[in-house]
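Novice: Residue numbers (this note's numbering): 3 to 203. Right, I'll just put the structure down here and ask away after.
Pasting the structure below:
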């Protein structure tokens with residue numbers, strides 16, 4: 003039975019993710035990906051011109067997931083729990099693909115200029131998402147004053163180490179994830195958040 007193009011592309015992305023998990027980005031080859039997907043090299047090149055392009059597709063997927071993860075806080079609801087849910091969603095997006103997250107946050111600059119450029123582009127996207135959320139929070143009065151761009155860099159910097167550590171331990175239990183969510187919330191609540199102390203649900 004013929005596989006439609008969308009399904010084939012998804013299979014190639016899944017295969018690339020598995021190969022990157024075993025070999026890392028730099029040691030992985032197109033031959034490894036097509037072997038994992040049980041397709042010919044010609045089939046691969048119908049969808050992606052090279053290894054970097056399939057990595058970029060995975061990166062773009064992650065960026066889209068993160069854009070959808072952070073929801074605008076509604077002051078009429080439980081603000082503290084909404085912030086927790088945003089933390090939970092961001093954590094979940096990264097931990098859903100620990101291999102890609104590890105590649106992003108532990109890459110060695112200079113190994114491949116094009117690769118580094120793509121990673122930095124994704125980082126800039128993450129910073130833009132965070133900056134927008136923090137500026138929105140300032141307008142709502144739930145984030146303290148300060149340059150939202152600098153606050154975003156500070157937040158992402160802290161999250162990198164935390165996420166790398168979590169990815170090494172993946173898969174995490176629900177209890178472990180919730181502990182991380184609560185600790186991150188506590189750190190932010192004692193930092194730039196300005197939320198009336200509401201009891202955790």
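Every residue gets a Cβ at the ideal spot worked out from N, C-alpha and C, and that includes glycine. None of the values given here were measured: they were computed from a predicted structure.
Note down the Cα distance separating residue 78 from residue 192, rounded to an integer number of angstroms.
Specialist: For residue 78 and residue 192, the distance between alpha carbons rounds to 22 Å.
Novice: Work out the CA separation of residue 175 and residue 143 for me, nearest whole Å.
Specialist: Cα to Cα, residue 143 sits roughly 34 Å from residue 175.
Novice: Report yes or no: do the segment 50-69 and the segment 100-110 share at least 3 C-beta pairs separated by less than 8 Å?
Specialist: Contact between the segment 50-69 and the segment 100-110 is present, because at least three Cβ pairs lie under 8 Å.
Novice: Does DSSP put residue 195 in a helix, in a strand, or in coil?
Specialist: In this structure, residue 195 counts as strand in the three-state DSSP scheme.
Novice: Considering only C-alpha positions, which residue in the set 157, 178 and 166 is nearest to residue 195?
Specialist: With distances taken between Cα atoms, residue 195 lies closest to 157.
Novice: Short of 7 Å in beta carbon distance, which residues of its chain neighbour residue 107, apart from the five on each side in sequence? Order them along the chain.
Specialist: Only 162, 165 and 166 meet the Cβ criterion.
Novice: Measuring CA to CA, which of 31, 94, 26 and 148 is closest to residue 51?
Specialist: Out of 31, 94, 26 and 148, 31 has the C-alpha closest to the C-alpha of residue 51.
Novice: What residues are listed by DSSP as bridge partners for residue 121?
Specialist: None; residue 121 has no bridge partner.
Novice: Report buried or exposed for residue 135, applying the criterion of at least 16 other Cβ atoms within 10 angstroms of its Cβ.
Specialist: Per the 10 Å Cβ criterion, buried.
Novice: Could you spell out where the alpha helix (DSSP H) holding residue 67 opens and where it closes?
Specialist: From DSSP, the alpha helix (DSSP H) with residue 67 extends over 53-71.
Novice: What does a CB cutoff of less than 7 Å around residue 154 pick up in its chain, not counting 5 residues either side in sequence?
Specialist: Around residue 154: 129, 132, 133 and 136.
Novice: So, under 8 Å CB-CB, residue 38 and residue 23 are touching, yes? Tell me the CB distance rounded to an integer number of Å.
Specialist: Their Cβ separation, rounded to whole angstroms, is 10 Å, which puts residue 38 and residue 23 out of contact at 8 Å.
Novice: In whole angstroms, give me the CA-to-CA distance for residue 120 and residue 127.
Specialist: When rounded, the distance between both Cα atoms is 11 Å.
Novice: Starting from residue 174, trace the alpha helix (DSSP H) in both directions and tell me its first and last residue.
Specialist: Per DSSP, residue 174 belongs to no alpha helix (DSSP H) and is neither H nor E.
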